[in-house]
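Following my numbering, the numbering of the sequence shown begins with 134 at its first residue and continues without gaps.
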Amino acid sequence: MTKKKTVNDPRILGILAADFSDPFSFLGMHKETGADAGIWVRAFLPYAERVEVVDVAK
């Protein structure tokens, strides 16, 4: 059985509805601070079977 997750983030809801004026302010690589500090990479690839992030600096 698969549990459904509820999404309340307006940025994600806007991307899903194709109604987000600046999706790249959320999607892509971003440095986050606070409780979720670090480098985050977000992508919207609904039909992807696999996604990889390659660190070219290493």
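Beta carbons: idealized from backbone N, C-alpha and C, even for Gly.
Query raised in the report: Mapping DSSP to helix, strand and coil, what is R175?
Result: Position 42 of the sequence shown holds residue 175. Note: R175 maps to strand in three-state DSSP.
Requested in this report: For my contact list, V186 and V174 are in at a C-beta cut-off of 8 Å; report their separation, rounded to the angstrom.
Outcome: Counted from its first residue, the sequence shown places residue 186 at position 53. Counted from its first residue, the sequence shown places residue 174 at position 41. About 5 Å separates the Cβ atoms of V186 and V174, confirming a contact at the 8 Å cut-off.
Requested in this report: Name the two residues that bound the continuous beta strand (DSSP E) containing G161.
Outcome: Position 28 of the sequence shown holds residue 161. Looking at the DSSP string, the run of the beta strand (DSSP E) that includes G161 is 161-165.
**Report entry** Supposed contact pair F153 and R144 - C-beta distance, whole angstroms, cut 8 Å
**Finding:** As a position in the sequence shown, residue 144 is number 11, starting the count at 1. As a position in the sequence shown, residue 153 is number 20, starting the count at 1. 6 Å between Cβ atoms; contact.
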